[in-house]
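Quick notes on the structure that follows.
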Amino acid sequence: MKTTEFQDMEGFNKRHKLLSLIDAHKKQIYRLCYQLTNNKFDADDLFQDTWVRVVRNFDYYDENKSFDTWIYTITINLYKDRYRKQKRWMNIIKDFFTNEKKDFELLNASEEKFHPESHLIDKELTKELEEFLKDLPDIFRIPIILYYFKEMNYNQISTILGIPVGTVKSRLSRGIQKLKKVLEKGGYSYGD
Numbered sequence: 002m003k004t005t006e007f008q009d010m011e012g013f014n015k016r017h018k019l020l021s022l023i024d025a026h027k028k029q030i031y032r033l034c035y036q037l038t039n040n041k042f043d044a045d046d047l048f049q050d051t052w053v054r055v056v057r058n059f060d061y062y063d064e065n066k067s068f069d070t071w072i073y074t075i076t077i078n079l080y081k082d083r084y085r086k087q088k089r090w091m092n093i094i095k096d097f098f099t100n101e102k103k104d105f106e107l108l109n110a111s112e113e114k115f116h117p118e119s120h121l122i123d124k125e126l127t128k129e130l131e132e133f134l135k136d137l138p139d140i141f142r143i144p145i146i147l148y149y150f151k152e153m154n155y156n157q158i159s160t161i162l163g164i165p166v167g168t169v170k171s172r173l174s175r176g177i178q179k180l181k182k183v184l185e186k187g188g189y190s191y192g193d
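Set out below in structure tokens:
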């Protein structure tokens, strides 16, 4: 096999792998883009920019490291660069939502059938929580999204944001405290 044929085969394999990774991750990356920007148009732009950056830098991707972490880092850095000043974010904080959902389920524990209104209540709670989250500064929102919604651990968040693990923990704790204050001002109460 000639050198150029080998290079062509190597290039084909790399493109095939990249297309497979794009196909496997496109939905989760679009969801993250939408959560960060809070609207379809900006999410579409961020999504497209993310994949352009991935394609351009795929030669630098270290296959021994997590592709998820690498692409989340790219997405969040692009968001920070383009959308930081706009302060548009949305997210569901899992622990608050779970507590509200548990309270609702306890009230309806005696009923065995599914009721569509419970789904509507969940959606309403989610929308209200998203509105409260818009008031949090980015340095607290990003770790909250990654930890509670994307279910990443401290080390992954540390790698993505380029900050120490202790800083991740601190920002999560402070972010939750700030969110609790915002929720209390909005008339919500919850158990600690």
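Using this note's numbering, the first residue of the sequence shown is number 2, and each one after it goes up by one.
We put the CB at the ideal spot given by N, CA and C, even for glycine.
Short of 7 Å in beta carbon distance, which residues of its chain neighbour residue i, apart from the five on each side in sequence? Order them along the chain.
i: Gly187; result: Phe133
i: Lys179; result: Leu137 and Phe141
i: Trp52; result: Ile23
In whole angstroms, what separates the C-alpha of residue i from that of residue j?
i: Met153; j: Asn14; result: 30 Å
i: Ile77; j: Arg83; result: 10 Å
i: Thr4; j: Asp50; result: Here the model assigns Thr4 a pLDDT of 47, short of 50, so the residue's position is not dependable, and the following value carries that caveat. Looking at the two C-alpha atoms, the distance is approximately 34 Å.
i: Asn40; j: Asp63; result: 32 Å
i: Asp136; j: Lys66; result: 34 Å
i: Leu184; j: Asp45; result: 30 Å
i: Leu79; j: Arg57; result: 14 Å
i: Pro138; j: Ser171; result: 14 Å
i: Ile1; j: Tyr61; result: In the structure as shown, the chain starts at 2 and stops at 193, and residue 1 therefore has no counterpart that could be examined.
i: Pro165; j: Lys182; result: 26 Å
i: Lys151; j: Lys28; result: 13 Å
i: Glu129; j: Phe42; result: 22 Å
Classify residue i: buried if its beta carbon has 16 or more other beta carbons within 10 angstroms, exposed otherwise.
i: Gln36; result: buried
i: Leu20; result: exposed
i: Tyr149; result: buried
i: His116; result: With a pLDDT of 46 at His116, under the threshold of 50, the modelled position of that residue is not reliable, and no figure is offered here.
i: Lys103; result: Summary for Lys103: the model assigns pLDDT 49, below 50, so the residue's position carries little reliability; its value from the coordinates is reported in the next sentence. Lys103 comes out exposed.
Our contact map puts residue i next to residue j with C-beta atoms below 8 Å; I'd like the distance itself, whole angstroms only.
i: Ile210; j: Arg54; result: No answer is possible for residue 210: it lies beyond the span of the chain, which begins at 2 and ends at 193.
i: Tyr31; j: Phe48; result: 5 Å
i: Phe141; j: Gly176; result: 3 Å
So, for residue i: in the same chain, excluding its five sequence neighbours on each side, which residues have a beta-carbon less than 6 Å away from its beta-carbon?
i: Val169; result: Pro144, Tyr155, Ile158 and Ser159
i: Glu106; result: The predicted model places Glu106 with a pLDDT of 48, which falls under 50 and marks its position as unreliable, so this point remains unresolved.
i: Cys34; result: Ala44, Leu47 and Phe48
i: Leu173; result: Pro144 and Tyr148
i: Lys81; result: none
CB-CB under 8 Å to residue i, same chain, minus the five flanking residues each way: which ones, in chain order?
i: His26; result: Phe68, Asp69 and Ile72
Three or more C-beta pairs closer than 8 Å, one from the segment 69 to 78 and one from the segment 158 to 171: is that the case here? Yes, they touch.
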